[in-house]
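The block underneath contains the structure these notes are about, expressed in structure tokens.
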Amino acid sequence: MLNEKTILITGGTGSFGKAFTKEILKLYKPKKLIIYSRDEYKQFLMQKEFSKYDSILRFFIGDVRDKERLYRALDGVDVVIHAAALKQVPTAEYNPLEAIKTNIYGAENVIDASIDLGVEKVVALSSDKAVNPVNLYGATKLVSDKLFVAGNAYVGKKKTKFCVVRYGNVAASRGSVIPFFKSLIDRGKKELPITDFEMTRFWISLEEGVELVFKAIKEANGGEIYVSKIPSFKIVDLAKAMCEDCILKEVGIREGEKLHEVMITPEDARNTYEYDDHFIIYPQFNWWGKSSVKPGGKLVKKGFRYSSDANDKWLSVDDIKSKLRSLTIEY
């Protein structure tokens, strides 16, 4: 699938970019893998970590806001994974125009450059926060999703296909709750703050996120939004799994935070099909002149809602402990 292909990852030095790089180099033999990002120090560290792949890896300093630099970087690229974004909710609230420039205008630049330079497939990473957004970050990701889905309408006779992969916070990713709890526990704290005792989240590992991206690269016809079928957990159960003796203190939901993660709304259900290990939200428009619904799926029921509080798969405290043992937690 990706053998002898040239792949570019925007935001490639992040948690997902490094995990995707490890898997692609393990499973395939790409012609070239380009890491496109802004931070020269992170690129330096990643270059050292993957030094034995110097003949394949390329590191481009660049920003998705810079369309001219994107045009240079995407020349000859077959597949793009768009992972670059300003992701911190408080940062986006305080710097709204900066979030718009990166998450919306940056998406537009990736779309234009990919079409003009004949990229075959573009997979954009999304977030649960793009669904019924209550903060600016989520709103910018909703617009980004809409842009990538609609990008298929502008391809014309070109071969480019755009799709989206949506999931929530990756377990143990930077800035998420697991590293936060671990930092408190490692400092000897015996009280863990819980925003709301009823709060739930989905659990997805980096490896599962990478697998879903591989699936999208392989089979997407253009315009689909892929959503993993993953278990839910309660934040209080996570805290108990990480520190049995800690006191849990409810401190209230932060600005822009949701009580539960939502991946698919009842409005999206009209175009959502369920498969063995994922859902696909199909576009309302058909640009390819044939049915894009893949075999093996079943249209979900009217009014279906996929959210972390209404899931049929749940992790117990013991399940969470088992999963935590396999994670590398950095903070």
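Letter 202 of the sequence shown, counting from 1, is numbered 202 in UniProt numbering, and no numbers are missing. From the three backbone atoms N, C-alpha and C, an ideal C-beta is built for every residue, glycine too. Just so we're clear, the structure is a prediction, and the values are computed from it rather than from any experiment.
Nearest to residue 7 (by Cα), restricted to the options 28, 15 and 14:
Checking every option, the nearest Cα to that of residue 7 belongs to 28.
Option nearest residue 196 by Cα separation, candidates 214, 252 and 311
For residue 196, the nearest C-alpha among the options comes from 252.
Alpha carbon of residue 110 to alpha carbon of residue 150, nearest angstrom
Taking the straight line joining both Cα atoms gives about 13 Å.
Could you spell out the range, first to last residue, of the alpha helix (DSSP H) harbouring residue 316?
Annotation: residue 316 is outside any alpha helix (DSSP H) and is labelled neither H nor E by DSSP.
What are the partner residues of residue 68, as DSSP defines its beta bridges?
Beta-bridge pairing links residue 68 to no other residue.
If residue 260 sits next to residue 308, beta carbons under 8 Å apart, how far is it from one beta carbon to the other, in whole angstroms?
Taking 8 Å as the upper bound for CB-CB distance, residue 260 and residue 308 are in contact here, some 5 Å apart.
Where are the alpha helix (DSSP H) runs, 4 residues long or more, that stay fully inside the region 182-262, in chain order?
If we require 4 residues or more, the alpha helix (DSSP H) runs fully inside the region 182-262 come out as 206-219 and 235-242.
According to DSSP, is residue 122 part of a helix, a strand, or is it coil?
Residue 122: strand per DSSP, three-state reduction.
Measure the CB-CB distance between residue 11 and residue 51 and report whether it falls below 8 Å.
Cβ distance not < 8 Å, so residue 11 and residue 51 don't count as in contact.
State the start and end residues of the unbroken alpha helix (DSSP H) segment that holds residue 37.
DSSP places residue 37 in no alpha helix (DSSP H) but in the uninterrupted beta strand (DSSP E) bounded by 32-37.
Residue 88 versus residue 175 - alpha carbon distance
Taking the straight line joining both Cα atoms gives about 8 Å.
Own chain partners of residue 155 with C-beta closer than 7 Å, once the 5 adjacent residues on each side are dropped
If you ignore the 5 residues before and after residue 155, its C-beta comes within less than 7 Å of the C-beta of 115, all in its own chain and listed in chain order.
Quick check for students: name the residue ranges of the alpha helix (DSSP H) that lie wholly in the region 71-127, counting only runs of 4 or more.
89-94, 96-100 and 106-116, all fully within the region 71-127.
Would you say the region 262-271 touches the region 293-311, given that touching needs at least three Cβ pairs under 8 Å?
Contact between the region 262-271 and the region 293-311 is present: three or more C-beta pairs spanning the two stretches fall below 8 Å.
Are the CB atoms of residue 206 and residue 19 nearer to each other than 8 Å?
Cβ atoms of residue 206 and residue 19: closer than 8 Å.
Going by C-alpha distance, which of 62, 5, 128 and 299 is nearest residue 24?
Per the Cα distances, 5.
Using 10 angstroms around the beta-carbon of residue 224, count the other beta-carbons present and answer buried if the total reaches 16, otherwise exposed.
Classification for residue 224: buried.
Do you know how far the Cα of residue 108 is from the Cα of residue 144?
Going from the Cα of residue 144 to the Cα of residue 108 covers about 8 Å.
Just to confirm before moving on: does the CB-CB distance between residue 81 and residue 59 stay below 8 Å?
For residue 81 and residue 59, no; Cβs fall outside 8 Å.
Since residue 281 sits in a beta bridge, which residues does DSSP pair it with?
Note: residue 281 sits in a beta bridge opposite 225 and 272.
Once you ignore the five residues that flank residue 328 on each side, which residues in its own chain have a CB closer than 6 Å to its CB?
Setting aside the 5 residues that flank it on each side, residue 328 has no residue in the same chain whose C-beta is closer than 6 Å to its C-beta.
Could you tell me the alpha carbon to alpha carbon distance between residue 241 and residue 311, rounded to whole angstroms?
So the alpha carbons of these two residues sit roughly 20 Å apart.
Contact set for residue 146: own chain, Cβ-Cβ below 8 Å, skip 5 residues either direction:
Taken in chain order, the list of residues that qualify is empty.
Expressed to the nearest angstrom, what Euclidean distance is found between the alpha-carbon atoms of residue 124 and residue 160?
If you take the alpha carbons of residue 124 and residue 160, they lie about 13 Å apart.
Considering only C-alpha positions, which residue in the set 220, 157, 104 and 298 is nearest to residue 274?
Among 220, 157, 104 and 298, the Cα nearest to that of residue 274 belongs to 298.
When the Cα of residue 132 is compared with those of 318, 258, 162 and 284, which residue comes out closest?
The shortest Cα separation from residue 132 among 318, 258, 162 and 284 belongs to 258.
In the DSSP assignment, what residue or residues form a beta bridge with residue 307?
Note: residue 307 sits in a beta bridge opposite 262.
Between residue 106 and residue 85, what straight-line distance do the alpha-carbon atoms span, to the nearest angstrom?
Note on geometry: alpha-carbon atoms of residue 106 and residue 85 lie some 8 Å from one another.
Write down the C-beta distance between residue 83 and residue 9 rounded to the nearest angstrom, noting that I regard them as a contact closer than 8 Å.
Distance from residue 83 to residue 9 at the Cβ level is roughly 6 Å; contact confirmed, criterion being Cβ atoms closer than 8 Å.
Given a cut-off of 8 Å on the beta-carbon distance, is the pair residue 57 and residue 64 in contact?
No.
Output needed for residue 15: all residues of its chain with C-beta closer than 7 Å, excluding positions within five of it in sequence on either side, in chain order.
These residues qualify, in order along the chain: 170, 173, 174 and 206.
For the alpha helix (DSSP H) containing residue 24, name the first residue and the last one.
15-27 is the extent of the alpha helix (DSSP H) around residue 24.
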